[in-house]
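Novice:
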Amino acid sequence: MPTSRSIESDRETLAFSRGSRVDQSLPDATPVIDLSGLRFAWDPGAAPILVIESLRIDAGERVFLQGASGSGKSTLLALLAGVVVAQGGQVRVLGTDLADLSPAARDRFRADHTGMIFQMFNLVPYLSVLENVLLPCDFSPRRRARAEARGGSPRAEALRLLASLGLDGPQLLARQPAQLSVGQQQRVAAARALVGAPELVIADEPTSALDADRRDAFLDLLFRECARESTTLLLVSHDAALAPRFDRRIAFADINATAVRSTAA
Amino acid sequence: MIAVLALRSLRHRRATAALTVLSIALSVFLLLAIERLREEAREGFAATVSGTDLIVGARTSGVHLLLATVFHVGEAGSGLRWSSYRALAGHPSVAWTVPLTLGDSHRGFRVVGTTEGFFEHYRYGRAVALAISSGRIFAGPREAVLGAETARRLGYAPGSNLVLAHGSGDDGFMPHADRPFRVSGILAPTGTPVDRTVLVSLEDIDALHAPERIAQSDDPLAAALMAAEPTAEASRTITAFLVGLRTRTSALSMQRAVNTFPDEPLTAILPAATLQEVWALVGVAEQALRAVSIMAVVVGLAGMLVALLTGIAERRREMAILRSVGARPSQVFALVAGEAAALTLTGVIVGAVVLHVALPLARPWLASRIGLVVGGVWPSVLEWQLMALVFVAGSLVGILPAWRLYRHSVADGLSVRT
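So the protein lines, in turn, are chains G and D. Residue numbers are given in numbering that gives the first Met the number 0: position 177 of the first sequence equals residue 176, and the series is strictly consecutive. Residue numbers are given in numbering that gives the first Met the number 0: position 98 of the second sequence equals residue 97, and the series is strictly consecutive.
1) May I have the straight-line CA-CA distance separating residue 250 of chain D from residue 256 of chain D, to the nearest angstrom?
2) Can you say whether residue 280 of chain D is buried or exposed, counting buried as having 16 or more other CB atoms within 10 angstroms of its CB?
3) Output needed in chain order: residues of the region 316-329 of chain D with a Cβ under 9 Å from some Cβ in chain A.
4) How do the region 401-408 of chain D and the region 318-335 of chain D stand: do at least 3 beta-carbon pairs fall below 8 Å, yes or no?
5) Taking C-beta pairs closer than 7 Å, name the residues in chain D that residue 73 of chain G reaches, listed in chain order.
6) Taking residue 89 of chain G as the reference, give the member of G:152, G:234 and G:34 with the closest Cα.
7) Taking buried to mean at least 16 other C-beta atoms within 10 Å of its own C-beta, is residue 46 of chain G buried or exposed?
8) Within the 8 Å Cβ cut-off, does residue 406 of chain D reach chain G?
9) For residue 308 of chain D, count neighbouring C-beta atoms within 10 Å of its own C-beta (all shown protein chains included) and say buried if the count is 16 or more, exposed if not.
10) May I ask you to report which of helix, strand or coil DSSP gives residue 25 of chain G?
11) Return the CA-CA distance between residue 240 of chain D and residue 260 of chain D, expressed in angstroms with no decimal places.
12) Would you say residue 255 of chain G faces chain D, with C-beta separation under 8 Å as the test?
13) Let me know the alpha helix (DSSP H) ranges lying completely inside the region 111-189 of chain G, each 4 residues or longer, listed in chain order.
14) Which residues does DSSP pair with residue 145 of chain D in a beta bridge?
15) Unbroken beta strand (DSSP E) runs of length 3 or more, entirely within the region 29-84 of chain D: which are they?
16) I want to see whether chain D comes within less than 8 Å of residue 110 of chain G, judged by CB atoms only; does it?
17) Compare the Cα-Cα distances from residue 112 of chain G to each of G:254, G:83, G:196 and G:257 and report the closest residue.
18) In angstroms with no decimal places, state the Cα-to-Cα distance between residue 133 of chain D and residue 144 of chain D.
19) Enumerate in chain order the residues of its own chain whose CB-to-CB distance from residue 108 of chain D is below 7 Å, with the five nearest sequence positions on each side excluded.
20) Using the beta-carbon of each residue, which ones in chain D are nearer than 9 Å to residue 139 of chain G?
21) Is residue 11 of chain D close to chain G, meaning its C-beta is less than 8 Å from at least one C-beta of that chain?
22) Report back the beta-carbon spacing between residue 71 of chain G and residue 237 of chain G to the nearest angstrom; my notes put them in contact at under 8 Å.
23) Under 8 Å between C-beta atoms, does residue 106 of chain G make it to chain D?
24) Which of the three DSSP states is assigned to residue 302 of chain D in this structure?
25) Of all the CB atoms in chain G, is at least one closer than 8 Å to the CB of residue 152 of chain D?
26) Listed from N- to C-terminal order along the chain, which residues in the region 123-136 of chain G have their beta-carbon within a distance smaller than 7 Å of any beta-carbon of chain D?
27) Could you tell me whether the region 135-144 of chain G touches the region 75-89 of chain G, using the rule of 3 or more Cβ pairs below 8 Å?
28) Who are the near neighbours of residue 15 of chain D in its chain, counting only those whose CB is closer than 6 Å to its CB and skipping five residues on each side?
29) Using a C-beta cutoff of 8 Å, does residue 386 of chain D count as contacting chain G?
30) Could you work out which residues of chain D lie near residue 189 of chain G, taking near to mean beta carbons separated by less than 7 Å?
31) Hey, is residue 292 of chain D's beta-carbon within less than 8 Å of any beta-carbon in chain G?
32) So, does the CB of residue 76 of chain G fall closer than 8 Å to a CB anywhere in chain D?
33) Quick check: is the beta carbon of residue 0 of chain D nearer than 8 Å to any beta carbon in chain G?
34) Closest to residue 214 of chain G by CA distance: which of G:130, G:194 and G:189 is it?
35) Excluding sequence positions up to five away, which residues of its chain have a Cβ less than 8 Å from the Cβ of residue 125 of chain G?
Pasting the structure below:
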């Protein structure tokens with residue numbers, strides 16, 4: 000389809016031009032994440048556990064969101080992924096208000112634009128390493144097309160990503176996830192989050208299961224790959240030691256009004 | 000995509016999946032096998048006697064007459080006079096008649112006195128005639144033709160001698176030891192009660208019973224005289240006779256003619272109709288068999304349900320991962336429901352294939368031991384329906400775990416809260 004290809008190449012150009020001014024956020028550029036007046040409660044009647052008046056993250060930023068476990072960080076990530084919807088306020092991702100989309104469209108939007116890395120259990124146990132990395136391309140034609148544009152084929156792009164994350168060799172790729180070390184699993188998860196160049200990568204405590212050396216190596220790889228596509232990275236962790244490596248550090252307690260209130264009480 | 004994932008997931012859990020398929024396959028095998036045997040048993044039963052339009056005996060209930068004359072169950076009761084038989088045999092609509100005299104036995108096998116006409120006219124199954132597998136039919140005095148099972152169980156061959164007894168017990172009582180019989184031939188298996196009979200001529204039955212009456216007179220001369228002479232046909236009684244009509248449409252009017260026969264009270268039955276009546280009595284057992292096979296399917300599907308439900312806890316993480324890469328909750332549902340459907344389908348196919356491989360192997364055994372002639376390799380319409388029913392039931396069973404995982408995946412989102 001020529002039209003979609005031209006849109007695609009426009010985006011490529013856009014992404015490239017953004018890449019040249021990494022870490023700079025221009026006021027007129029559409030923010031990748033833009034929250035305003037956010038209210039969220041798991042039960043509609045209950046007091047909100049999440050109240051965020053404003054949060055803006057621009058394209059290409061590497062943001063560290065620090066917060067204690069159980070503070071509602073994971074809920075914020077679920078909101079950003081469009082898995083749950085806020086009762087009040089706006090959650091805009093790449094300029095799209097997720098509340099305007101149907102549940103199915105939100106799932107599609109997530110598949111197209113967001114890569115996710117969890118703390119543990121990132122991989123589907125019955126798929127090989129390569130198949131796990133290719134999963135987003137199975138659910139998103141856009142990611143598939145973009146992976147194809149970069150590597151020649153989704154498979155080649157997945158292999159390139161895995162190799163650049165230090166995972167190669169046919170035996171390794173054919174392995175089931177259970178046969179990998181935790182560090183290897185996290186790198187596979189990173190490759191899956193990055194394949195097809197989504198605009199946003201969200202990582203929820205991705206290094207918690209790793210020792211200090213492996214943690215630093217993992218972050219190095221993640222930063223390098225995000226920089227390649229000027230991908231916006233939002234990493235959530237309780238571990239303040241990670242903070243210095245990021246462009247911006249946000250304390251979750253500072254942006255979540257309920258957290259402030261409960262500390263004050 | 001979801002189908003591929005479902006298959007990969009099943010392959011990953013192949014031990015559980017194989018056990019589930021096995022239990023479904025076994026239950027489907029049982030269901031189809033019982034259904035097939037039931038069907039064949041019913042058909043075989045209905046075809047125990049075919050080509051006979053009426054069975055006529057002394058006045059009694061139709062079921063009793065059928066059981067006594069065809070199945071040799073119960074006592075034959077009082078007989079009918081030879082003159083009545085002759086009169087009815089001469090009726091213009093009658094094509095042929097075969098007289099039967101019951102009441103004697105040989106080591107637990109019923110003795111049937113009849114004529115050569117029995118071998119000519121008796122039909123079973125789809126109008127199959129009796130066939131001699133070795134020897135020949137009785138021709139001279141004191142010759143007997145054995146049913147296949149009689150010969151096999153008692154180890155007789157043409158030329159063997161046997162002694163008949165009056166009555167139907169294991170050894171009977173009052174053995175006619177003075178008049179041994181010689182086996183002239185053995186019938187091929189039919190799967191009907193004929194297999195368990197000893198067939199002799201009416202004249203031999205007459206001769207067997209004649210001396211008994213005389214022996215009590217204590218007059219050696221009279222006894223010798225009577226024994227030398229065959230009993231007069233006029234004084235003979237028979238148990239019943241089979242009737243073939245010239246046209247089947249005259250069956251009802253002929254039945255009426257017999258039932259209103261003026262010389263003595265008689266009963267005529269249409270064997271097919273009375274067989275149906277008897278089968279209705281057996282129908283309870285038939286339903287019980289079917290209930291058992293349905294229970295087997297329920298158990299098989301319950302096994303799958305348990306396997307799927309116990310897998311839910313560990314699969315919640317897997318579903319969160321799939322959700323994170325863009326799977327919709329409905330796709331999570333389809334994944335689990337699809338697995339259940341695939342397991343059931345495989346189980347149904349395996350069960351059906353095993354049955355259709357096993358059937359030809361079991362056929363000779365079934366035919367010789369149980370007398371069931373199981374034909375047909377392809378599933379009948381009913382069997383297709385049963386298989387479809389099991390598949391639908393299995394797919395419905397999958398809805399419960401699919402729905403629960405769907406609910407979980409909606410609630411869990413990307414992080415599994417336990």
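We treat Cβ as the ideally placed atom computed from N, Cα and C, and that holds for glycine. Just so it is clear, the structure is predicted and the values come from calculations on it, not from any experiment.
Specialist: If we stick to the structure as given:
1) Walking along the second sequence from the start, residue 250 of chain D turns up at place 251. Walking along the second sequence from the start, residue 256 of chain D turns up at place 257. The C-alpha of residue 250 of chain D lies about 10 Å from the C-alpha of residue 256 of chain D.
2) The residue labelled residue 280 of chain D in the question sits at position 281 within the second sequence. Residue 280 of chain D comes out exposed.
3) Structure shown: chain A not included; protein chains present are G and D.
4) Contact between the region 401-408 of chain D and the region 318-335 of chain D is present: 3 or more CB-CB pairs across the two stretches fall below 8 Å.
5) Counting from one through the first sequence, the residue named residue 73 of chain G turns up at place 74. Chain D residues near residue 73 of chain G: 414.
6) Taking the first sequence and counting its residues from 1, one reaches residue 89 of chain G at position 90. Per the Cα distances, G:34.
7) Counting from one through the first sequence, the residue named residue 46 of chain G turns up at place 47. So residue 46 of chain G ends up on the exposed side.
8) Indexing the second sequence from 1 puts residue 406 of chain D at position 407. No, its Cβ sits nowhere closer than 8 Å to a Cβ of chain G.
9) To locate residue 308 of chain D, count along the second sequence from 1; it is residue 309. By the 10 Å Cβ count, residue 308 of chain D comes out exposed.
10) For the purposes of this step, residue 25 of chain G is taken as residue 26 along the first sequence, with counting starting at 1. A caution first: residue 25 of chain G carries a pLDDT of 46, below 50, which makes its placement in the model unreliable, though a value can still be read off. Secondary structure of residue 25 of chain G (DSSP, three-state): coil.
11) In the second sequence, counting from the first residue as 1, residue 240 of chain D sits at position 241. In the second sequence, counting from the first residue as 1, residue 260 of chain D sits at position 261. For residue 240 of chain D and residue 260 of chain D, the gap between their C-alpha atoms comes out near 15 Å.
12) Taking the first residue of the first sequence as 1, we reach residue 255 of chain G at position 256. Residue contact check for residue 255 of chain G against chain D: no CB pair falls below 8 Å.
13) The region 111-189 of chain G contains these whole alpha helix (DSSP H) runs: 128-138, 140-150, 153-163 and 169-173.
14) Translated into the one-based positions of the second sequence, residue 145 of chain D becomes position 146. Answer by DSSP bridge pairing, in chain order: D:185 and D:197.
15) Assignment of beta strand (DSSP E) within the region 29-84 of chain D, counting only whole runs of 3 or more residues, yields 53-57 in chain order.
16) Numbered from its first residue, the first sequence carries residue 110 of chain G at position 111. Chain D, which has a Cβ nearer than 8 Å to the Cβ of residue 110 of chain G, makes this yes.
17) Mapped onto the first sequence, residue 112 of chain G falls at position 113. Checked all of G:254, G:83, G:196 and G:257; the closest Cα to residue 112 of chain G is G:196.
18) Here residue 133 of chain D refers to the residue found at position 134 when the second sequence is read from its first residue. Here residue 144 of chain D refers to the residue found at position 145 when the second sequence is read from its first residue. If I take the Cα positions, the gap works out to 10 Å.
19) Here residue 108 of chain D refers to the residue found at position 109 of the second sequence. 149, 195, 196 and 197.
20) Looking up residue 139 of chain G in the first sequence gives position 140. Neighbours of residue 139 of chain G on chain D, chain order: 324 and 325.
21) The residue given as residue 11 of chain D occupies position 12 in the second sequence. Yes, contact with chain G.
22) Along the first sequence, read from residue 1 onward, the residue named residue 71 of chain G stands at position 72. Along the first sequence, read from residue 1 onward, the residue named residue 237 of chain G stands at position 238. About 13 Å; that fails the 8 Å criterion.
23) Here the question's residue 106 of chain G lines up with position 107 in the first sequence. At least one beta carbon of chain D lies nearer than 8 Å to the beta carbon of residue 106 of chain G.
24) Within the second sequence, the letter at position 303 stands for residue 302 of chain D. Helix.
25) Within the second sequence, the letter at position 153 stands for residue 152 of chain D. So, not an interface residue.
26) Of all residues in the region 123-136 of chain G, those with a C-beta nearer than 7 Å to a C-beta of chain D are 123, 124, 125, 126, 134 and 135, reading in chain order.
27) No: fewer than three Cβ pairs fall under 8 Å.
28) Counting from one through the second sequence, the residue named residue 15 of chain D turns up at place 16. Excluding the 5 residues flanking it on each side, residue 15 of chain D has same chain C-beta neighbours closer than 6 Å at 306, in chain order.
29) As a first step, residue 386 of chain D is located in the second sequence; it is residue number 387 there, counting from the start. No, because no Cβ of chain G sits closer than 8 Å to the Cβ of residue 386 of chain D.
30) Start at 1 with the first residue of the first sequence, and residue 189 of chain G comes out as number 190. Residues of chain D with a Cβ closer than 7 Å to the Cβ of residue 189 of chain G do not exist, since the nearest Cβ in that chain sits about 13 Å away.
31) Locating residue 292 of chain D in the second sequence gives position 293, counting from the first residue. Not closer than 8 Å to any Cβ of chain G, the Cβ of residue 292 of chain D fails to qualify, so no.
32) Taking the first sequence and counting its residues from 1, the one referred to as residue 76 of chain G is at position 77. Residue contact check for residue 76 of chain G against chain D: a CB pair falls below 8 Å.
33) To locate residue 0 of chain D, count along the second sequence from 1; it is residue 1. Residue 0 of chain D counts as touching chain G.
34) To locate residue 214 of chain G, count along the first sequence from 1; it is residue 215. Comparing C-alpha distances from residue 214 of chain G to each of G:130, G:194 and G:189 shows the shortest one belongs to G:189.
35) Here residue 125 of chain G refers to the residue found at position 126 of the first sequence. Result list for residue 125 of chain G: 175, in chain order.
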